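Have a look at the structure below, then the notes.
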Amino acid sequence: MAEAAEQPKVKVRKKKKQMVTRGRAYVQATYNNTIVTLTDQQGNVIAWSSAGKNGFKGPKKSTPYAAGVIARAAVDKAREYNLREVDVFLKGVGSGRESAVRALHASGIEVLSIKDITPIPHNGPRPKKPRRV
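Numbering follows my numbering, with no gaps: position 115 of the sequence shown is 115.
Take a look at the structure:
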């Protein structure tokens with residue numbers, strides 16, 4: 001009876017790591033956080049990192065220093081895929097935009113192009129009021 005209940009063993013296939021030499025880096029820099037995603041040319045995610053994932057909490061997540069740490073962490077994960085060249089796509093108006101790109105370049109990845117893909121409304125809903133600091 002116990003033998004009949006046993007199911008045949010299913011072979012688990014290990015996912016084969018693909019080697020990617022050229023890819024894309026998406027930097028989403030908002031007022032509250034920065035997220036760096038490294039993908040291949042088709043858009044399949046290779047590695048990603050964010051401020052909260054790297055131990056930053058609260059207002060420290062949106063700093064330029066945090067963006068540099070995030071970019072280096074994402075590059076370290078992508079090293080096992082042999083990523084060498086990226087096209088950078090920036091989205092958002094946060095303070096971590098520039099420092100993330102600088103950190104990508106400093107980590108040994110060649111930045112081929114930088115493109116701003118921040119969504120700009122053609123009117124639409126009323127924007128937030130500007131802060132009076």
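Even glycine gets a Cβ: it sits at the ideal position worked out from N, Cα and C. Model, not experiment: these values are computed from the prediction.
Around the beta-carbon of ASN33, 16 or more other beta-carbon atoms lie within 10 Å, marking it buried. DSSP places LEU38 within a strand segment (E or B) once states are collapsed to three. Rounded to whole angstroms, the separation of the alpha carbons of ASN44 and GLU80 is 15 Å. For GLY68, the uninterrupted alpha helix (DSSP H) segment begins and ends at 64–78. Under the 10 Å beta carbon count, THR39 is surrounded by 16 or more other beta carbons and is classified as buried. The shortest C-alpha to C-alpha distance from LEU112 to any of GLU6, ARG22 and PRO8 is the one to ARG22. Of the other Cβ atoms in all chains shown, 16 or more fall within 10 Å of the Cβ of TYR26; this residue is therefore buried. Sequence-distant Cβ neighbours of PRO64 in its own chain, meaning closer than 8 Å and more than five residues away, are SER95, GLY96, GLU98 and SER99. For ARG97, the enclosing alpha helix (DSSP H) stretches over residues 97–106. In the structure shown, TYR26 adopts extended strand secondary structure according to DSSP, grouped into three states.
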